[in-house]
Amino acid sequence: MYNTILVAVDLSKDSLKVLDKAVAAANSDNSNIHLVHVVEPVAAAYSMDIYAVNINELQQEAISMAEQKLKEIAKRLSIDETKAHTLLGAPGPEIRNLAVEVNADAIVIGSHGHSGWKILLGSTAIKVLHGAKCDVLTVYVGED
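Here it is in structure tokens:
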């Protein structure tokens, strides 16, 4: 059914549920799996001059930590490191763009099943869904 599945993970314990479902789908179809984690930019508004925080250093450290965790996940699942993508930006558009780049026919992402204001304010799953050029499969991981 799917040749290439892009699995978006937030590196939390909830990611395990998402990964389990994605791997099961991939194994049944003999699909390729790509992993993605998007690090959101540290907003300059959060920096405090009195502490002389180097935003670029914090950003790079967050990216490095995410890359390491994603590589560990890839290794555990026997996924080639070149298919573990750590990106910087807004998660919704970055995930959608990567899906096009790797020619994914499905994106698998976790969802907390929020309603009301939380949807209006935007969850990553909703932002990925709107504008995606392939199927988007959400895995319910429970409420926050």
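If you're matching positions, the sequence shown starts at 759 in this note's numbering and goes up one per residue.
We treat Cβ as the ideally placed atom computed from N, Cα and C, and that holds for glycine.
Here the structure is a predicted model, which means the values were calculated and not measured.
First and last residue of the uninterrupted alpha helix (DSSP H) at residue i
i	result
Leu835	Here Leu835 belongs to no alpha helix (DSSP H), and DSSP marks it neither H nor E.
Asp704	One cannot answer for residue 704 here, as it falls past the ends of the chain, which runs 759 to 902.
Gly868	That residue, Gly868, is in no alpha helix (DSSP H); its beta strand (DSSP E) goes 864-869.
Ala842	From DSSP, Ala842 is part of no alpha helix (DSSP H) but of the beta strand (DSSP E) over 842-846.
Asn790	Unbroken run through Asn790 is the beta strand (DSSP E), 790-797; no alpha helix (DSSP H).
Val886	882-887
Ala780	772-787
Val800	Looking at the DSSP string, Val800 is not in any alpha helix (DSSP H), and its letter there is neither H nor E.
Val860	First-last for Val860: undefined, no H or E at that position.
Cβ-Cβ distance between residue i and residue j below 9 Å
i	j	result
Gly850	Lys885	yes
Ser789	Ile821	no
Glu844	Val794	Reading off the sequence, residue 844 comes out as Thr, not Glu. Cβ atoms of Thr844 and Val794: closer than 9 Å.
Arg787	Met759	Just to set this straight, residue 787 is Asp in the shown sequence, not Arg. Yes; because the gap between Cβ atoms is below 9 Å, this pair is in contact.
Gln826	Val800	no
Gly900	Asp768	no
Leu856	His792	yes
Glu815	Gly847	no
Expected contact under 8 Å - CB spacing of residue i and residue j to nearest Å
i	j	result
Gly761	Asp863	The question names Gly, but residue 761 in the sequence shown is Asn. Between Asp863 and Asn761 the Cβ distance is about 6 Å, and since that is below 8 Å, they are a contact.
Leu777	Val765	6 Å
Ala842	Ile867	About 16 Å separates the two Cβ atoms, so there is no contact after all.
Lys719	Val897	The question about residue 719 has no answer, for the chain in this structure spans 759 to 902.
For residue i, the three-state DSSP class (helix, strand or coil)
i	result
Val897	strand
Cys892	coil
Leu879	Its pLDDT being 40, under 50, Leu879 is placed unreliably by the model, and the measurement read from it follows with that caveat. In this structure, Leu879 counts as helix in the three-state DSSP scheme.
Thr762	strand
Asn814	helix
Residue i Cβ short of 8 Å to the ligand FMN heavy atom set
i	result
Glu852	With respect to the ligand FMN, the structure shown offers nothing to examine, as it has no ligands at all.
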